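K.L.:
Let me begin by handing over the structure; questions about it come next.
Chains as they are written, first to last, in our numbering: chain A, 28 to 527; chain B, 28 to 527.
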């Protein structure tokens, strides 16, 4: 078995190298590539994706998995070897259903789509993105069809980011949460002026924002010897091994929290990737398990830590140092300002309460798109109509509406719900963490994060891709995903802020 | 035949995508990669190199080449189809001799070697680079052995950069040139104070240097929509298609010509790459033909144009705008300053006269290394001894001596002679250009470069990789490579400068 396992690992090493090389190409496209490079980059990405796909769906892999079946079953489910074989099998069985040419086509369309999206968003003209988006949706429809019969054509797309979690399950979670969110938004709406975000609006230089964000990322545990922070149109995290993890952000000169909270959010993703077990390097166990688990990490650091009073007890003086114009803004005023809740247009700038509605809108819309109930050409109107229904406001243009997110341009349909599932899970993790590490809040107050990070390393990071969200949830917090603690957290935090 | 040719092009497209993807990884390593990323980058590069190698040495390619033989012979030698088949055959026959594992090993050792070199150069400690260099030489020895029997083990290495040109041929050229260079260096040496480079020594900010260089690159024809300019430890050019060509430079705050001339040099390479025929994209005909031809382009723009009086007639006012401290330095004084000739340590900063000796030293040393006459451990001493013999000065440390160039750390043995061959050829091109475009010098004087670039596009760039140096030389200047015009150019230029 030793030898078969070695052979499987050799195949995976090449697969992972190709995957990481694609990620380098993607990072470069977002941060450095000149406009002319788009077509060649699309071709290169398509080729790498196709070769990676061919590698993991090779008959040799299928045979090795068969040969290793008995060995896998003889092992503890949680063990490295059993998990490596299990996760490889899951990927093999999923990918073997999809033609390599389609994989290449989707990669190519994604690389070109992002350029079309950038232009469309800059000019706020949906029509400039429409044909690229139509093509992406057609291709992802073909992709989903490979998995027929399915209960919902949206399920195979969701499964790409959240293995083993389908539309019905997510719907059930959101169905419980949605009315509670609507109720809280309404209650806050009646007391909107209780919190003022004027202090974080003004004029903030890019340099100060980046310098301040860099210090915080480092304090939280981001290792700049094994990563970078850069600018891009849309903040993201990517990695080319646990030892080279890149995060990006963007700056708004008139709204301080945007850059800062993006950096903390992406740092959360990066800590997860940098915390991957080095022994898993070049195996399929390396990296993060699922996007909801990834978002549990990013949303944990962004919101539960970064938007908390204890955090700003420590960082308020450094804030004033970097932004002397905030001299007169005391700690509490600043804390309140970065937590003002109100209906706004941009998801990544949204407060914690309205955030969930941004996600549920996208989740429902994607489901309607792929089930043919909404056409691509109708998207701007449908977006605006639903936005008004959910948040009571109408985007002034498409850049502030349907064009705001990068995801669809890269063929990432089915990703959005994971932001909310991750937010929900982050609160369960935090509650458990406080139980097991009673001094956690005081540590945040002291600007000490190593034990909190260590807890996440132990409970989440070290497992790599071993477990699905339900499996990891059992192991980390002793029960399934549960939206109630999340809602309790929001009600408590915002009830206090708004005197509800 | 249509169908076979299509099939061959499909194989080449994947090969080229892998080649370009490797180049993206290499560029990122030099410009952006955090230190931790080295091991993973080495693995990724090794995998891409191995897959590219396997692609072009696949039996399928061999069979297609056999099937296409008669078709190729029915065509004009210079035609696109015949050239595509011929160059593919040349690559196939060369690469099929080398095991894929060795290709991967060399790529891996090169990616790790560059990190070892960076540290060694920074600390000026050859011992930190020694074991990486030993490994690289051992691997390249194995590589060369794949081509036995050879006349000289150095030949297969030279052939990588200059197809069809071997040690004996290059030796013959250098044997003619060397005594002439030595004579000119000696003559200048007796009149060293005739030219003063004091004016270009001082304090020059990075920002001004880069801003000025950027304008010049653009004026020469570098298309920033299809390329970038960045900083790296050692200036270089790379490309990921004709539409995405990256150049880098470095700045010395106390010596103005370094950054500026590097930018012009790399712009020369980039113009060649950006000028590749778009119809050759994703075929083996895309890009530059050989490194000597590449250097004929870079050295042409750097020296013949960038270090000429007419050039500075146009740029002197802009120079003063960017560097007000040079207000009192008139055009002629500046022209003389950037052409001061004297024995110096660093090849890339060397004047045109001594430059050739820097190259000949390396050429002879590489030949001795691979023929076992010099051991790796002896390199610093041998370097310093020969440097004193050739240039009359002894490097004060290894960073200024044997560690100065990046090439060996990336397994690029056999590249150096191409700088001098290219310099020689650049003068033949210039002489021919002036014949066919009598207003060329006046155009330089007016800061107009489009016709000069157009001539190079027509004579050199549009051919892509079709021709070897001897073939291209016949077609572009109507005769073989000839060092005499180069020596005449140097004697005339420096004779006048030094009143010889």
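Just so it is clear, CB atoms sit at the ideal spot from N, CA and C, and this is done for glycine as well. These numbers come from a predicted model, not from an experiment.
Expressed to the nearest angstrom, what Euclidean distance is found between the alpha-carbon atoms of residue 185 of chain A and residue 130 of chain A?
P.N.:
In the first chain, residue 185 of chain A corresponds to position 158, counting from 1. In the first chain, residue 130 of chain A corresponds to position 103, counting from 1. Spanning the two alpha carbons is a distance of roughly 17 Å.
K.L.:
Along the segment 324 to 355 of chain B, what residues have a CB closer than 7 Å to any CB found in chain A?
P.N.:
Of all residues in the segment 324 to 355 of chain B, none has a Cβ within less than 7 Å of some Cβ in chain A.
K.L.:
Measuring alpha carbon to alpha carbon, tell me which of B/90, B/64, B/53 ends up nearest residue 28 of chain B.
P.N.:
Numbered from its first residue, the second chain carries residue 28 of chain B at position 1. For the residues B/90, B/64, B/53, the minimum Cα distance to residue 28 of chain B belongs to B/90.
K.L.:
So residue 241 of chain A contacts chain B; which residues on that side make the cut at Cβ distance below 9 Å?
P.N.:
Numbered from its first residue, the first chain carries residue 241 of chain A at position 214. None at all; the shortest Cβ gap to chain B is about 13 Å.
K.L.:
Strictly under 7 Å for the Cβ-Cβ distance: is residue 263 of chain B near chain A by that measure?
P.N.:
Within the second chain, the letter at position 236 stands for residue 263 of chain B. Not closer than 7 Å to any Cβ of chain A, the Cβ of residue 263 of chain B fails to qualify, so no.
K.L.:
With a threshold of 8 Å on Cβ separation, who are the neighbours of residue 285 of chain A within its own chain once the five nearest residues in sequence on each side are excluded?
P.N.:
Counted from its first residue, the first chain places residue 285 of chain A at position 258. Closer than 8 Å at the Cβ level, and outside the excluded window around residue 285 of chain A, lie 277, 278, 279, 375, 376.
K.L.:
Identify the contact partners of residue 78 of chain B in chain A, using a Cβ-Cβ distance below 7 Å as the criterion.
P.N.:
Here residue 78 of chain B is taken as the residue at index 51 of the second chain, counted from 1. Residues of chain A passing the Cβ test: 78.
K.L.:
Taking CB distances under 7 Å as the criterion, tell me whether residue 233 of chain A reaches chain B.
P.N.:
Taking the first residue of the first chain as position 1, residue 233 of chain A is located at position 206. Chain B contact via Cβ: absent.
K.L.:
Return yes when the Cβ of residue 147 of chain A is within less than 7 Å of the Cβ of residue 430 of chain A, no when it is not.
P.N.:
What you label residue 430 of chain A is simply residue 403 of the first chain in a count that begins at 1. What you label residue 147 of chain A is simply residue 120 of the first chain in a count that begins at 1. Contact: yes.
K.L.:
Locate the alpha helix (DSSP H) running through residue 294 of chain B, then write down its first and last residues.
P.N.:
Residue 294 of chain B sits at position 267 when you count from the first residue of the second chain. It spans 283 to 301 - the alpha helix (DSSP H) in which residue 294 of chain B sits, taken as one unbroken run.
K.L.:
Identify the residues that DSSP records as bridge partners of residue 257 of chain A: which are they?
P.N.:
Taking the first chain and counting its residues from 1, the one referred to as residue 257 of chain A is at position 230. DSSP lists A/275 as partners of residue 257 of chain A.
K.L.:
Determine the direct distance from the alpha carbon of residue 208 of chain A to that of residue 514 of chain A, and round the result to whole angstroms.
P.N.:
The residue given as residue 514 of chain A occupies position 487 in the first chain. The residue given as residue 208 of chain A occupies position 181 in the first chain. Those two C-alpha atoms are separated by around 8 Å.
K.L.:
Is it true that the CB of residue 83 of chain B sits closer than 7 Å to the CB of residue 122 of chain B?
P.N.:
As a first step, residue 122 of chain B must be located in the second chain, where it is residue number 95. As a first step, residue 83 of chain B must be located in the second chain, where it is residue number 56. Cβ atoms of residue 122 of chain B and residue 83 of chain B: closer than 7 Å.
K.L.:
With which residues is residue 228 of chain B paired in a DSSP beta bridge?
P.N.:
Counting from one through the second chain, the residue named residue 228 of chain B turns up at place 201. Paired residues: B/282.
K.L.:
For residue 368 of chain A and residue 336 of chain A, I'd like the C-alpha separation in whole angstroms.
P.N.:
Locating residue 368 of chain A in the first chain gives position 341, where the first residue counts as 1. Locating residue 336 of chain A in the first chain gives position 309, where the first residue counts as 1. In a straight line, the C-alpha of residue 368 of chain A is about 16 Å away from that of residue 336 of chain A.
K.L.:
Just the chain B side, please: which residues come within less than 7 Å of residue 220 of chain A by C-beta, in chain order?
P.N.:
Here residue 220 of chain A corresponds to residue number 193 of the first chain, with the count starting at 1. What residue 220 of chain A touches in chain B: nothing, since even the nearest Cβ is about 46 Å away.
K.L.:
Straight-line CA distance for residue 50 of chain B to residue 480 of chain A?
P.N.:
Position 23 of the second chain, counted from the start, is the residue given in the question as residue 50 of chain B. Position 453 of the first chain, counted from the start, is the residue given in the question as residue 480 of chain A. Distance between the alpha carbons of residue 50 of chain B and residue 480 of chain A: 36 Å.
K.L.:
Does any C-beta atom of chain A lie closer than 7 Å to the C-beta of residue 47 of chain B?
P.N.:
Here residue 47 of chain B corresponds to residue number 20 of the second chain, with the count starting at 1. At least one chain A Cβ lies under 7 Å of residue 47 of chain B.
K.L.:
Here's a check: name, in chain order, each residue in its chain whose Cβ is nearer than 6 Å to the Cβ of residue 538 of chain A, leaving out the five neighbours to either side.
P.N.:
Outside the modelled stretch of chain A, which goes from 28 to 527, sits residue 538 of chain A, for which no answer is possible.
K.L.:
According to DSSP, is residue 266 of chain A part of a helix, a strand, or is it coil?
P.N.:
Mapped onto the first chain, residue 266 of chain A falls at position 239. In the structure shown, residue 266 of chain A sits in a strand (DSSP, three-state: E or B).
K.L.:
What residues of chain A sit near residue 60 of chain B, judged by a beta carbon separation below 7 Å?
P.N.:
The count along the second chain starts at 1 and reaches residue 60 of chain B at position 33. Simply 271.
K.L.:
In the structure shown, what three-state DSSP assignment does residue 248 of chain A receive?
P.N.:
By one-based count along the first chain, residue 248 of chain A stands at place 221. Reduced to three states, the DSSP call for residue 248 of chain A is coil.
K.L.:
Check each candidate in A/97, A/111, A/527 and name the one with the smallest Cα separation from residue 307 of chain A.
P.N.:
In the first chain, residue 307 of chain A corresponds to position 280, counting from 1. Considering only alpha carbons, the answer is A/111.
K.L.:
Smallest Cα separation from residue 381 of chain B: which of B/229, B/466, B/213?
P.N.:
Counting from 1 along the second chain, the entry for residue 381 of chain B is found at position 354. With distances taken between Cα atoms, residue 381 of chain B lies closest to B/213.
K.L.:
For residue 319 of chain A, which residues in chain B fall below 7 Å Cβ to Cβ?
P.N.:
By 1-based counting over the first chain, the position of residue 319 of chain A is 292. Within 7 Å Cβ-Cβ: nothing; residue 319 of chain A doesn't reach chain B, min ~26 Å.
K.L.:
Find the nearest neighbour of residue 224 of chain B within the set B/359, B/309, B/196, B/161, judged by alpha-carbon distance.
P.N.:
Translated into positions along the second chain, residue 224 of chain B becomes position 197. The candidate whose alpha carbon is nearest that of residue 224 of chain B is B/359.
K.L.:
Give the single residue among B/157, B/132, B/134 whose Cα lies nearest to the Cα of residue 143 of chain B.
P.N.:
Within the second chain, residue 143 of chain B is the residue found at index 116, counting from 1. Ranking B/157, B/132, B/134 by Cα distance to residue 143 of chain B puts B/157 first.
K.L.:
Could you spell out where the alpha helix (DSSP H) holding residue 457 of chain B opens and where it closes?
P.N.:
The count along the second chain starts at 1 and reaches residue 457 of chain B at position 430. Its alpha helix (DSSP H) spans residues 444 to 463.
K.L.:
Just by C-beta distance, which residues in the segment 110 to 135 of chain A are closer than 9 Å to chain B?
P.N.:
Under the 9 Å Cβ criterion, the segment 110 to 135 of chain A contributes no residue.
K.L.:
Is the distance from the Cβ of residue 44 of chain B to the Cβ of residue 44 of chain A below 7 Å?
P.N.:
On the second chain, residue 44 of chain B is found 17 positions in, with the first residue counted as 1. On the first chain, residue 44 of chain A is found 17 positions in, with the first residue counted as 1. No, the pair does not count as a contact, with Cβ atoms beyond the cut-off.
K.L.:
Hey, how far is the Cα of residue 443 of chain B from the Cα of residue 435 of chain B?
P.N.:
Working through the second chain from its first residue, we reach residue 443 of chain B at position 416. Working through the second chain from its first residue, we reach residue 435 of chain B at position 408. One C-alpha to the other measures close to 10 Å.
K.L.:
Over what stretch of residues does the alpha helix (DSSP H) that includes residue 31 of chain B continue unbroken?
P.N.:
Against the second chain, residue 31 of chain B aligns to sequence position 4. Looking at the DSSP string, the run of the alpha helix (DSSP H) that includes residue 31 of chain B is 29 to 58.
K.L.:
Return helix, strand or coil for residue 315 of chain A, following the three-state DSSP convention.
P.N.:
By 1-based counting over the first chain, the position of residue 315 of chain A is 288. Residue state, collapsed to three classes: coil.
K.L.:
Start and end of the alpha helix (DSSP H) containing residue 182 of chain A?
P.N.:
The sequence position of residue 182 of chain A within the first chain is 155, counting from 1. From DSSP, the alpha helix (DSSP H) with residue 182 of chain A extends over 182 to 188.
K.L.:
Could you tell me which chain A residues have their CB closer than 9 Å to the CB of residue 252 of chain B, listed as they occur along the chain?
P.N.:
Residue 252 of chain B sits at position 225 when you count from the first residue of the second chain. Per Cβ cutoff of 9 Å: 61, 62, 63.
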